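Some notes on the structure that comes next.
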Amino acid sequence: MDRPSFCAESSERSSRLQILGGSDPRTAFGGSGADPAKAVGAASVLRAGSQTAENDRERKRSGRPGRRGADMNDHEHAIEQYENGDFAEALESFRALSALSGNDTERLNYIGRCLTELGEWDEAAAIFDEAIRSQPEWERPYFNKAFVRLKQGRKDEAEWWARRAVKIDEDSEDAWYYLGLIFEKQGKKAAAKKCYKKSLLLEPEQEEPYINLGGLYWEERQWDRSMEQFRQALRVNPGCGDALYNMALLHLDMNHLNESRELLKQLLESNPDDREAAEKLKEISIDTKGDSP
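Per the numbering used here, the very first residue in the sequence shown carries number 717; after that it's consecutive.
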């Protein structure tokens, strides 16, 4: 399965919400959260689920239009470049293949996604239009174009294209995910939750909708439900750094410093280059020392 997350990088650290210091851990938002003496990092940012243009989700996706012919290996090499985040190189490879053997819908879709990752919005949209004309019954170019329009700030148009994707294939978990993503960016939180839940009903083994649902429940101060969504993301992917980080922040907001510290340590064991997690762990350690007699 593939999926954009709302960002040009391969794994966005979204500014979904901020945890603010306060006095009552039961009302941790809007300036009335954890004890100010305990509120480590007064503007901690909760991470959203993967929101790039279909990067690592695509390599898990089955059911794409199949490849044929002698260019199979070169095509797979181009896909590997894409999955590794080498979007400029992948774009060059896909275009070279197109020059040799022409375009098909899948190749056009990849070219469009490479252009999306490189921030070439108008060119990407034109390529997705070409893919749609080539195979109008395939939903993926529709929600990929929706994502481009969302990145351009054209949210109503993005919603229209995402709805078309869902109409074409009501059983596409990715189409529902993208429609949810667009609703969330429009501020339609209830509609976004319904779409994420529908996506998970169709395919429970995907982490991004759980992470985004966890963030939405967090905004509603439903901390138990928020934590459960992050746990489900970890069930799907035990190495999900965004879920670990969000759980650490949630524990931090409730003044559970030890639990928060252990989760951040676990995250850094698997990803020692996560500077955000390292800085947060450092803040917690300093705060804990400050409380020592």
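The beta-carbon is built from N, C-alpha and C at its ideal position, and this holds for glycine as well. This one's a predicted model, so the numbers in the text were calculated from it and none came from an experiment.
Please report the Cβ distance between residue i and residue j, rounded to the nearest whole angstrom; I am assuming they are in contact, meaning their Cβ atoms lie under 8 Å.
i, j, result
"Leu932", "Lys909", "6 Å"
"Gly765", "Pro920", "That belief does not hold up - the Cβ atoms of Gly765 and Pro920 are roughly 15 Å apart, past 8 Å."
"Gly957", "Leu929", "In fact, because the Cβ distance is near 17 Å, the residues do not count as touching under 8 Å."
"Ile898", "Glu875", "5 Å"
Distance, Cα to Cα, residue i vs residue j?
i, j, result
"Glu853", "Thr821", "11 Å"
"Lys996", "Ala949", "21 Å"
"Gln922", "Glu799", "17 Å"
"Lys913", "Gln851", "28 Å"
"Ala804", "Asn789", "19 Å"
"Lys901", "Ser1001", "35 Å"
"Gly927", "Ala842", "Contrary to the premise, residue 927 reads as Ile rather than Gly in this sequence. Ile927 and Ala842: Cα-Cα distance of roughly 31 Å."
"Leu917", "Glu836", "34 Å"
"Lys867", "Glu839", "13 Å"
"Leu973", "Tyr894", "35 Å"
"Asp872", "Lys998", "42 Å"
"Glu889", "Ser915", "4 Å"
"Leu965", "Ala959", "10 Å"
"Ala878", "Ala994", "37 Å"
"Arg865", "Leu831", "13 Å"
"Ala815", "Asn825", "16 Å"
"Val952", "Trp892", "19 Å"
"Glu833", "Glu936", "32 Å"
"Glu855", "Asn971", "45 Å"
"Ser817", "Gly801", "24 Å"
Just to confirm my understanding: we take residue i, look at its own chain, exclude 5 residues before and 5 after, and list those with CB closer than 6 Å. What are they?
i, result
"Arg844", "Before going on, a small fix: residue 844 reads as Phe here, not Arg. Only Gly828, Pro857, Asn860 and Lys861 meet the Cβ criterion."
"His967", "Glu975 and Ser976"
"Asp772", "Residue placement at Asp772 is poorly supported in this model, since its pLDDT is 46, which falls under 50; the coordinates are not used for a value here."
"Leu807", "Cys830"
Can you find the residues in the same chain that come closer than 7 Å, C-beta to C-beta, to residue i, ignoring five residues on each side of it along the sequence?
i, result
"Arg941", "Tyr933"
"Gly955", "Ser986"
"Ile884", "Glu853, Glu855 and Tyr858"
| field | Every unbroken alpha helix (DSSP H) inside the region 906-948 [4 residues or more] | value | Within the region 906-948, the complete alpha helix (DSSP H) runs of at least 4 residues fall at 924-935.
| task | Go through the region 851-883 residue by residue and report every complete run of the beta strand (DSSP E) that reaches 3 residues or more, in order. | result | The region 851-883 contains no whole beta strand (DSSP E) run of 3 or more residues.
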